[in-house]
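S.K.: Structure in C-alpha cells, see below.
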Amino acid sequence: MASSSSSSSTLIKYHVFLSFRGEDTRLNFTTHLLQALKDEGLDVFFDEEKLERGDQLSQALSRAIAVSNISIIVLSADYASSKSCLVELSDIMDRYSVGQQIVLPIFYHVNPSDVENIDGSFKKSFDEHLG
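Counted the way our numbering counts, the sequence shown spans residues 110 to 240.
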C-alpha cells in the first residue's frame, strides 16, 4: 500500500503506529488495544515487538512513524514526562501538519483539556520533564 504526497511517494509499512508511555499503560490498556487492532487484521508498530537490538531507538521510532498511516497516541498522566514520548509526538505532529498521517488521541485517565492546556496531572509530568 502506498501513500503519496505532492512531492514524493512514501511506502506505508504499518497501518498503525502506537505511541504510549510504557510504565503507565503497557501491561493493561495498551496491550488490549494492540490485540484488538491485530484481531482486525491491522499491522501495528508496537515498540516492544518491532524494534531489534542494536537499532538506535529514536531513529527506529522516527522511521516507523514515517511509514505508518495512522498514529494512535495513548496520552496518560506520565506521557509528557518521557523524552522519547515527546520526540515521538513531535514527529507524529510534523507528519500530521502536512497531511501525511492521521492522528487518533486516546486520553487514558487524563482530562483532554489538561492535555490541550498543559494543566493538571499532565502539566505535572510535563514540568518534571522540563525541570
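Backbone N, C-alpha and C fix where the C-beta goes; we use that ideal spot for every residue, glycine too. Nothing here was measured: the structure is a model prediction, and the numbers come from that model.
Just the C-alpha distance for Ile181 and Asn226, rounded to the nearest angstrom, thanks.
M.R.: Whole-angstrom Cα-Cα distance: 20 Å.
S.K.: Hey, Pro214 and Leu184: beta-carbon distance below 8 Å or not?
M.R.: Against a cut-off of 8 Å, the Cβ pair of Leu184 and Pro214 comes out as a contact.
S.K.: Following the continuous beta strand (DSSP E) through Asn178, name the residue where it begins and the one where it ends.
M.R.: Per DSSP, Asn178 belongs to the beta strand (DSSP E) from Ser177 to Leu184.
S.K.: I'd like to know if the region 142–154 and the region 194–214 are in contact, where contact means that at least 3 CB-CB pairs between them fall below 8 Å.
M.R.: With the cut-off at 8 Å, the region 142–154 and the region 194–214 do not touch.
S.K.: Please report the residue range of the beta strand (DSSP E) in which Val212 lies.
M.R.: Where Val212 is concerned, the enclosing beta strand (DSSP E) stretches over Ile211 to Phe216.
S.K.: Which of the three DSSP states, helix, strand or coil, is assigned to Phe138?
M.R.: Looking at Phe138 - three-state DSSP - the assignment turns out to be helix.
S.K.: Given Ser191, which residues of its chain have a CB within under 6 Å of its CB, disregarding the five upstream and five downstream residues?
M.R.: Closer than 6 Å at Cβ, skipping near neighbours: Arg130.
S.K.: Under three-state DSSP, which class holds Gly163?
M.R.: Note that Gly163 scores a pLDDT of 46, beneath 50, so its modelled location is shaky; the value from the coordinates is reported in the next line. Three-state result, Gly163: coil.
S.K.: CB-CB under 7 Å to Ala173, same chain, minus the five flanking residues each way: which ones, in chain order?
M.R.: Result list for Ala173: Tyr123, Phe126, Phe154 and Lys159, in chain order.
S.K.: State the start and end residues of the unbroken alpha helix (DSSP H) segment that holds Ser190.
M.R.: Careful: Ser190 lies outside any alpha helix (DSSP H) and carries neither H nor E.
S.K.: Can you tell me whether Leu170 is buried or exposed, with buried defined as 16 or more other CB within 10 angstroms of its CB?
M.R.: Buried: at least 16 other Cβ atoms inside 10 Å.
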